[in-house]
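All remarks here apply to the structure that follows.
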Amino acid sequence: MIAYWIATQINPFIVNIGWATWDQVIRISAPIIEEILKALIILYLISRSDSNYVVDGAIYGFGAGVGFAVVENIEYIINNPQLAFAIAFARVFSTNLVHATGSGIIGIA
0 MIAYWIATQI NPFIVNIGWA TWDQVIRISA PIIEEILKAL IILYLISRSD
50 SNYVVDGAIY GFGAGVGFAV VENIEYIINN PQLAFAIAFA RVFSTNLVHA
100 TGSGIIGIA
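Numbered by numbering that gives the first Met the number 0, the letters in the sequence shown go through residues 0 to 108 in order.
In structure tokens:
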């Protein structure tokens, strides 16, 4: 949730100061910002952990990615209630897997 909230503050800021258009933010900077923020959360969790196993990093990463995806999906559904089922169905097979897998890989690294 923290990473998602920070991303929702940074992305409009980039547009407001004229560094990019919304289209550029959506396609380029938002994914980069999201991955960096999730990686920072994963690093924090791993640094607080007593475990030294690679799988622990994967689990922390997967959890951070799923958490990010859930919060993002909730916002999409709240903003488009008439399309809630379609959004949820489509995102389960796309962005949810990308967030979880990408963050899991970061956790392994």
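All residues carry an ideal CB built from backbone N, CA and C; glycine is no exception.
Quick one: residues in its chain with C-beta nearer than 6 angstroms to the C-beta of residue i, no 5 flanking neighbours on either side, listed in chain order?
i, result
"E33", "A6"
"A29", "N10"
Taking the alpha-carbon positions, what's the residue i to residue j distance?
i, j, result
"F67", "F12", "20 angstroms"
"V97", "Q81", "25 angstroms"
"G17", "I27", "15 angstroms"
"N10", "E74", "15 angstroms"
"A99", "S46", "20 angstroms"
Secondary structure at residue i, three-state DSSP: helix, strand or coil?
i, result
"N49", "One detail in the question is off: residue 49 reads as Asp in this sequence, not Asn. Coil at D49, not helix or strand."
"G56", "helix"
"N72", "helix"
"A108", "coil"
Report buried or exposed for residue i, applying the criterion of at least 16 other Cβ atoms within 10 angstroms of its Cβ.
i, result
"I31", "exposed"
What residues in its chain sit with their C-beta under 8 angstroms from that of residue i, if we drop five residues either side in the sequence?
i, result
"F40", "Residue identity check: residue 40 is Ile in the sequence provided, not Phe. So the qualifying residues of the chain are I1, A2, A63."
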